[in-house]
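Reading through the structure tokens given below for one structure.
In this note's numbering, the protein residues as written are 549 to 694.
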């Protein structure tokens with residue numbers, strides 16, 4: 549990566565709008581870790597948009613890291629619709645079967661939290677997780693989907 553993110557003598561901008569080009573220019577997970585570390589150091593990670601974008605990239609990009617995505621998510625003070633849906637989708641799409649159960653756990657946490665409820669972007673991921681577990685009855689009968 550040739551951006552200033554990886555150049556220790558020229559730190560990336562601390563302005564939140566600078567995050568998006570920094571993230572999209574990441575070519576490896578290590579590059580993304582550097583951007584993430586910078587935003588932790590400058591306390592930008594508390595900006596909901598910055599945290600959501602880092603979460604999205606960890607969860608859904610070609611540099612996918614479910615472990616890092618979970619870490620970012622659990623550190624969010626107040627996850628929004630986008631953040632909840634991103635972590636649920638990432639877990640549902642993961643090739644690791646245990647992650648499907650985790651997707652359903654996060655879904656139940658989303659409902660229990662009550663600050664945001666499921667929406668039209670949540671349900672496809674929940675149903676995908678149920679299907680991967682071989683338990684479509686749970687999704688179809690609405691046991692989890694209220």
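C-beta atoms are modelled at their ideal positions from N, C-alpha and C, and glycine is treated no differently.
query, result
"Residue 667 burial status per 10 Å Cβ neighbour count (16 or more: buried)", "exposed"
"Residue from 622, 642, 589, 659 whose Cα sits closest to the Cα of residue 609", "642"
"Every unbroken alpha helix (DSSP H) within the segment 646 to 685, with a cutoff of 4 residues, ordered by chain", "670 to 680"
"Burial state of residue 660, where buried means 16 or more other Cβ atoms lie within 10 Å", "exposed"
"Same chain only: Cβ atoms within 7 Å of residue 669, ignoring 5 sequence neighbours per side", "633"
"Straight-line Cα distance separating residue 682 from residue 584", "36 Å"
"Cβ-based neighbour list, residue 726, same chain, cut-off 7 Å, excluding 5 preceding and 5 following", "This structure gives no information on residue 726, because the portion of the chain shown stretches from 549 to 694."
"Of the listed residues 614, 625, 672, 619, nearest to residue 647 (C-alpha basis)", "614"
"Which listed residue (616, 591, 595, 569) has its alpha carbon closest to that of residue 578", "616"
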